Amino acid sequence: MTVAKRTFDAVIVGAGGAGLRAALQLSEAGLKTAVLTKVFPTRSHTVAAQGGVAASLGNSTEDNWHWHMYDTVKGSDWLGDQDAIEFMCRKANEVVVELEHYGMPFDRTDNGKIYQRPFGGHSQNYGQSPVSRSCAAADRTGHAMLHALYQRNVRANTQFFVEWIALDLIRDQDGDVVGVTALELETGEVSIFHSKATIFATGGAGRIFYSSTNAFINTGDGVGMAARAGIPLEDMEFWQFHPTGVAGAGVLITEGVRGEGGILRNASGERFMERYAPNLKDLASRDVVSRSMVTEINEGRGCGPDKDHVLLDITHLSPETIMKRLPGIREISIQFAGVDPIKAPIPVVPTCHYQMGGIPTNYKGQVVVPKDGEPNSPVVGFYAAGECACASVHGANRLGTNSLLDLLVFGKSAGESVVEDIQSGNLSLKPLPADAADASLARISRLENQTGGESVAEVGQAMRRTMQKHAGVFRFDKLLKEGVTAILDVAERSKRTEIKDKSKVWNTARMEALELDNLIEVAKATMISAEARKESRGAHVRDDAPDTAEFPNGRNDNEWLKHTLWYREGNRLEYKPVTMKPLSHDVEPIALAKRTY
Amino acid sequence: MSKRTVQFKMYRYDPDRDEKPYMQDISVELEESDKKLLDALVRLKAKDDSLSFRRSCREGVCGSDAMNINGKNGLACLTDIDNLAQPIVLRPLPGLPVIRDLIVDMTQFFKQYHSIKPYLVNNTPAPERERLQSPEEREELNGLYECILCACCSTSCPSFWWNPDKFVGPAGLLAAYRFIADTRDEATSERLDNLEDPYRLFRCHTIMNCVDVCPKSLNPTRAIGKIKDMMVSRAV
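Protein chains in written order, with UniProt numbering: chain A, 1 to 597; chain B, 1 to 236.
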């Protein structure tokens, strides 16, 4: 197979929020940029975000970035890096206002400012009372944002390679990143994208779980590519289960529903969150709400004939409010739950939603790895932003609306770093290694010639079932140990997947096989990192680390206040310290404390 | 719903293998939890991995899985499988070149979308904070900004079938009006100039297929009518 070579200043992989935001920085600086995306940009999963983007604009209630920073650190269960969190919260107003200037159709307050609604875990005055911090366009914020960012890129003449799937990261003998290989779906041809800088903005991998709010395309492509290229993955044991996925269908119902006044009820109609989070109630942090729901269900207070879900009730809101603020939710509820929420409550269950961990980066969007005793040494030429990256601002649990903020702030920041590093001459076009495309061609050729293997659908199903059973909302030592063996077995099976379709043209069977290679890296990293972390923290809660006087909420800061790093080779784990020091010397660190809502 | 078998007549074409397209009779057994047409397609693909279609969000916001379902354009992920007459006839969106099976080449569709300059134009220096817009002014964008670019509308429009290179089509015109209607946009007259031509706007003959098929219940015909009104009032 011949491999075409194309040369750019920078290559961005992924055209969701983070990729598009980074692309603007590069295009507007006049760099020769290629944005590779396996779907047309507006089909990226940012489109499905609903409730809003966080910024302490203070349009409806008093607010400031210090409060936002406190909430984010506390939400992360102190695993987030405080330098990156300070950076994100301080930048929030700037990036949200920019987006408004790009044309984003935010809802408005009576005095014409951006409309803001309350959201889980966001508070005034360090946890005192809910704050309206979520900037929203009805319940279609992600859609409005993604389209506005794409439109701005049309204006900036960004060069897109649409329906190209990136295959592998190319590193040279120094370990520096010099580009990626990619396959064009329409022709089946593989090309090398040779570049001074490579930015990964490939999103999450929520499709490792059976029950997921995520799109089919969320297959952790960047995370898998990084792992195969020897980059460690950070904090992969931390997965967010969103409290309100439609029972059975998994489709997301935004937390904004509770922000607008929605209430979770058990079989007896009780507002049970009052018992678990007396202060913020239904607007407690997502991990807390999800666990409370599962506890209700496990203790027999679930709803429906199988007592397997709880109800999200907005029947007390006026139909006008629902039609104006939550129109998309009403559509989804009618479509996927068969319920009009104006008349009856929506059946919901916690559903896998967001990957807190990912490719380790600093607040500048540079990918960082341990090297020569330095835990955060930048990899030359490699950047990442958005859900595929771990800056780490979400730590052990992300707050709602901080994901859209993350992709704006760090998409921009990664873009700025690349522009600066190229314009200053720090980055040059290093020669490609002779074997640049070999790994990718070997993967393609294996699929071409494999016989007697299992189908991608079967192996994928085994992976999703295994993750769901062994690494769910509550985790058990025994199940995690068995889960490690089980997922390694699935990983072996994934090396022998067989596809029947051998066509060159738009071969989706091949694409799904290549995606499974990425998913399986994420699944291994998740299970192995989770089994090893012998404490409860944020979204990672295990049976053998219960709430005690010595270890409140089961959290053990003496031993486990550290980031996990999983290396693919030998499934090796390393750890690195959490950055407890904010970015600015005049900002006080948020001191460790027990997390209650 | 219990387990049941569903019959399909499926448009198949792989340029690498087939001389010409053909209709394939196939059936699939559905599980209880399968509710939407997309669920059935995913199950079919697990049996025959060569069946090719686009899909992503599976909840009607990304616009990937538009196709022609029993003669009418729609999204597979929002179509209830049990309400469809069988055999379910599936074809690619009409009027665009077929790449493979249910996958069409959308170049022309996006070219028209891009032609209306689908971005906010405001050359006044940006204020430090957000530009103000009243709730009533913002309301004008409802029914316009929600478009997911699935192409169900444009590919159901006879005017677009005849002149895909000259007529902007309902999706692009809806987007054009989305910016005209935005109080923050300063390019209304350039936007109208850009559509002042026998084809780009005026090939819309209010057939209203676009309204009939839009999976987001949007009304491109109304938006087109408003642009036409503006053309008329600026002419007199």
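C-beta atoms are modelled at their ideal positions from N, C-alpha and C, and glycine is treated no differently.
Source: prediction; values computed, not measured.
Please determine, among A:4, A:91 and A:76, the residue with the shortest C-alpha to C-alpha distance to residue 583 (chain A).
For the purposes of this step, residue 583 (chain A) is identified with residue 583 of the first sequence, where counting begins at 1. The candidate whose alpha carbon is nearest that of residue 583 (chain A) is A:91.
Between A:98, A:221 and A:507, which lies nearest to residue 202 (chain A) when the distance is taken from Cα to Cα?
In the first sequence, residue 202 (chain A) corresponds to position 202, counting from 1. If we check each option's Cα against that of residue 202 (chain A), A:221 comes out closest.
Paired residues, beta bridge with residue 493 (chain A) - DSSP
Here residue 493 (chain A) is taken as the residue at index 493 of the first sequence, counted from 1. According to DSSP, residue 493 (chain A) bridges with nothing at all.
Burial state of residue 481 (chain A) (16 or more Cβ within 10 Å)
As a position in the first sequence, residue 481 (chain A) is number 481, starting the count at 1. Under this definition residue 481 (chain A) is an exposed residue.
Hey, would you say residue 72 (chain A) sits closer than 9 Å to residue 402 (chain A), going by beta carbons?
Within the first sequence, residue 72 (chain A) is the residue found at index 72, counting from 1. Within the first sequence, residue 402 (chain A) is the residue found at index 402, counting from 1. Residue 72 (chain A) places its beta carbon less than 9 Å from that of residue 402 (chain A).
Simplified DSSP assignment, three categories, for residue 68 (chain B)
Counting from one through the second sequence, the residue named residue 68 (chain B) turns up at place 68. When secondary structure is reduced to three states using DSSP, residue 68 (chain B) falls in the strand class.
Count Cβ pairs between the region 132-141 of chain B and the region 203-212 of chain B that sit closer than 8 Å; are there 3 or more?
Contact fails: fewer than three Cβ-Cβ distances are below 8 Å.
Straight-line CA distance for residue 387 (chain A) to residue 215 (chain B)?
Mapped onto the first sequence, residue 387 (chain A) falls at position 387. Mapped onto the second sequence, residue 215 (chain B) falls at position 215. Going by C-alpha positions, residue 387 (chain A) is about 29 Å away from residue 215 (chain B).
Along the chain, where does the alpha helix (DSSP H) containing residue 19 (chain A) start, and where does it finish?
The residue given as residue 19 (chain A) occupies position 19 in the first sequence. Where residue 19 (chain A) is concerned, the enclosing alpha helix (DSSP H) stretches over 17-28.
Spell out the partners DSSP gives residue 77 (chain A) in its beta bridges.
Within the first sequence, residue 77 (chain A) is the residue found at index 77, counting from 1. In the DSSP assignment, no residue is bridged to residue 77 (chain A).
Is it true that the CB of residue 147 (chain A) sits closer than 9 Å to the CB of residue 49 (chain A)?
As a position in the first sequence, residue 49 (chain A) is number 49, starting the count at 1. As a position in the first sequence, residue 147 (chain A) is number 147, starting the count at 1. Taking 9 Å as the cut-off, the Cβ atoms of residue 49 (chain A) and residue 147 (chain A) do not count as close.
Of all the residues that make up the region 76-107 of chain A, which are near chain B by a beta-carbon distance shorter than 7 Å?
Of all residues in the region 76-107 of chain A, the ones placed with a Cβ closer than 7 Å to any Cβ belonging to chain B are 97, 100, 101, 102, 103, 105 and 107, in chain order.
Please list the partners that residue 64 (chain B) has in chain A, where partner means a Cβ-to-Cβ separation under 7 Å.
Stepping through the second sequence from its first residue, residue 64 (chain B) is reached at position 64. Within 7 Å Cβ-Cβ: 39 and 43.
With which residues is residue 562 (chain A) paired in a DSSP beta bridge?
Reading the first sequence from its first residue, position 562 is the one you call residue 562 (chain A). A:577.
Report the residues of the region 502-514 of chain A with a CB closer than 7 Å to any CB of chain B, ordered along the chain.
Residues of the region 502-514 of chain A with a Cβ closer than 7 Å to any Cβ of chain B, in chain order: 503, 504, 505, 506, 508 and 509.
Taking only beta carbons into account, state which residues of the region 45-57 of chain B come closer than 9 Å to chain A, listed in chain order.
In summary, the residues of the region 45-57 of chain B whose CB is separated from some CB of chain A by less than 9 Å are 45, 46, 47, 48, 49, 50, 51, 52, 53, 54, 55, 56 and 57, in the order they occur in the chain.
Checking 9 Å against the spacing of the C-beta atoms, do residue 227 (chain B) and residue 171 (chain B) come in under that value?
Taking the second sequence and counting its residues from 1, the one referred to as residue 227 (chain B) is at position 227. Taking the second sequence and counting its residues from 1, the one referred to as residue 171 (chain B) is at position 171. Not in contact: residue 227 (chain B) and residue 171 (chain B) (Cβ atoms no closer than 9 Å).
Thinking just about the alpha-carbon of each residue, which of A:472, A:83, A:484 and A:419 is nearest to the one in residue 350 (chain A)?
On the first sequence, residue 350 (chain A) is found 350 positions in, with the first residue counted as 1. The shortest Cα separation from residue 350 (chain A) among A:472, A:83, A:484 and A:419 belongs to A:472.
Starting from residue 585 (chain A), trace the alpha helix (DSSP H) both ways and give me its first and last residue.
As a first step, residue 585 (chain A) must be located in the first sequence, where it is residue number 585. No alpha helix (DSSP H) holds residue 585 (chain A); DSSP gives it neither H nor E.
Figure out for me which residue from A:568, A:76, A:197 and A:392 has the closest Cα to the Cα of residue 32 (chain A).
In the first sequence, residue 32 (chain A) corresponds to position 32, counting from 1. Checking every option, the nearest Cα to that of residue 32 (chain A) belongs to A:197.
Report the CB separation of residue 30 (chain B) from residue 17 (chain B) in whole angstroms; it is logged as a contact under 8 Å.
Walking along the second sequence from the start, residue 30 (chain B) turns up at place 30. Walking along the second sequence from the start, residue 17 (chain B) turns up at place 17. Contact doesn't hold; Cβ gap of about 28 Å is too wide.
N- and C-terminal bounds of the alpha helix (DSSP H) containing residue 403 (chain A):
Position 403 of the first sequence holds residue 403 (chain A). Residue 403 (chain A) -> alpha helix (DSSP H) spans 402-423.
Answer yes or no: does any C-beta atom of chain B fall closer than 9 Å to that of residue 335 (chain A)?
What you label residue 335 (chain A) is simply residue 335 of the first sequence in a count that begins at 1. Using a Cβ-Cβ cut-off of 9 Å, residue 335 (chain A) counts as an interface residue toward chain B, since at least one Cβ of chain B sits closer than that to its own.
Between which two residues does the beta strand (DSSP E) carrying residue 504 (chain A) extend?
By one-based count along the first sequence, residue 504 (chain A) stands at place 504. Looking at the DSSP string, residue 504 (chain A) is not in any beta strand (DSSP E), and its letter there is neither H nor E.
Taking the beta strand (DSSP E) that residue 355 (chain A) falls in, what are its first and last residues?
The residue labelled residue 355 (chain A) in the question sits at position 355 within the first sequence. Note, residue 355 (chain A): beta strand (DSSP E), 346-355.
Taking Cβ-Cβ distances below 8 Å as the criterion, which residues of the region 77-96 of chain B are in contact with chain A?
Shown in chain order are the members of the region 77-96 of chain B whose Cβ falls below 8 Å from a Cβ of chain A: 78.
For the region 36-49 of chain A against the region 431-450 of chain A, do three or more pairs of beta-carbon atoms, one drawn from each stretch, fall closer than 8 Å, so that the two count as touching?
Taking a cut-off of 8 Å for Cβ pairs, the region 36-49 of chain A and the region 431-450 of chain A do not touch, as fewer than three such pairs fall below it.
Run through DSSP, which three-state label would residue 286 (chain A) get?
Looking up residue 286 (chain A) in the first sequence gives position 286. Here residue 286 (chain A) sits in helix by DSSP.
When you compare the CB of residue 53 (chain A) with every CB in chain B, is at least one pair closer than 9 Å?
In the first sequence, residue 53 (chain A) corresponds to position 53, counting from 1. Not a single CB atom of chain B sits nearer than 9 Å to the CB of residue 53 (chain A).
Unbroken beta strand (DSSP E) runs of length 3 or more, entirely within the region 215-296 of chain A: which are they?
Fully enclosed beta strand (DSSP E) runs of 3 or longer: 239-246 and 263-265.
Suppose the cutoff is 7 Å on Cβ atoms and the five residues either side in sequence are ignored; what does the same chain contact list for residue 15 (chain A) look like?
Along the first sequence, one-based indexing puts residue 15 (chain A) at 15. Cβ neighbours of residue 15 (chain A) beyond the five flanking positions: 35, 37, 41, 44 and 160.
Could you name each continuous beta strand (DSSP E) segment of 3 residues or more that falls completely within the UniProt domain "4Fe-4S ferredoxin-type" (137-167) of chain B, going from the start of the chain to the end?
As for any beta strand (DSSP E) of minimum length 3 sitting wholly inside the UniProt domain "4Fe-4S ferredoxin-type" (137-167) of chain B, there is none.
Spell out the partners DSSP gives residue 371 (chain A) in its beta bridges.
As a position in the first sequence, residue 371 (chain A) is number 371, starting the count at 1. BP columns for residue 371 (chain A) point to A:374.
Extent of the continuous alpha helix (DSSP H) to which residue 313 (chain A) belongs
Indexing the first sequence from 1 puts residue 313 (chain A) at position 313. Judged by DSSP secondary structure, residue 313 (chain A) falls outside any alpha helix (DSSP H) and instead within the beta strand (DSSP E) spanning 310-313.
Going straight from the alpha carbon of residue 443 (chain A) to that of residue 514 (chain A), what length do you get?
Locating residue 443 (chain A) in the first sequence gives position 443, counting from the first residue. Locating residue 514 (chain A) in the first sequence gives position 514, counting from the first residue. Residue 443 (chain A) and residue 514 (chain A): Cα-Cα distance of roughly 8 Å.
Is the CB-CB distance between residue 49 (chain B) and residue 500 (chain A) below 9 Å?
Taking the second sequence and counting its residues from 1, one reaches residue 49 (chain B) at position 49. Taking the first sequence and counting its residues from 1, one reaches residue 500 (chain A) at position 500. Contact flag set, yes.
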